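Below: the structure, in structure tokens.
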Amino acid sequence: MKKSLVSAVVFSSIILTACGKSEATQTVDYYKNHDVERKEMIEKCRNEMGAKAAVSDNCINATKAKTALETSASRNTYTELEVLKPSDLSDLGK
């Protein structure tokens, strides 16, 4: 009896989840090109979705877009190096 009750509860929850309102899934490129939507989705994933965020395609894609943009930005920045002359090196040992 207990097994059939547990099975019924699990089955019902799966059905109700499948029938829930679903949102359109956006691509990583979409989130790369839409800053506001990416930031809103990441915030929504953190605050509202909790454990479901790990399985949400939009959460995953928004996070991948954020990571890709941050990686790209860090690759494009550099600091100019100072060129040392041999005379500058002679002072290092003192």
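All the letters of the sequence shown, read from the start, carry residue numbers -18 to -1, 1 to 76 under mature numbering (1 follows the signal peptide of the UniProt record, and there is no 0). The C-beta atom is built at its ideal place from N, Cα and C for all residues, glycine as well. Computed from a prediction, not measured in an experiment: that's the story for all the values here.
Taking a 10 Å sphere around the C-beta of N29, we find fewer than 16 other C-beta atoms and assign the residue as exposed.
Between Y13 and K67, the C-beta spacing is not below 9 Å. Distance from the Cα of D11 is smallest, within the candidate group A44, E52, S69, S54, for A44. Shown here for K46: same chain residues with a beta carbon closer than 7 Å to its own, the five before and five after excluded, namely V10 in chain order. In the assembly as shown, N40 is a buried residue. Its beta-carbon has 16 or more other beta-carbons within 10 Å.
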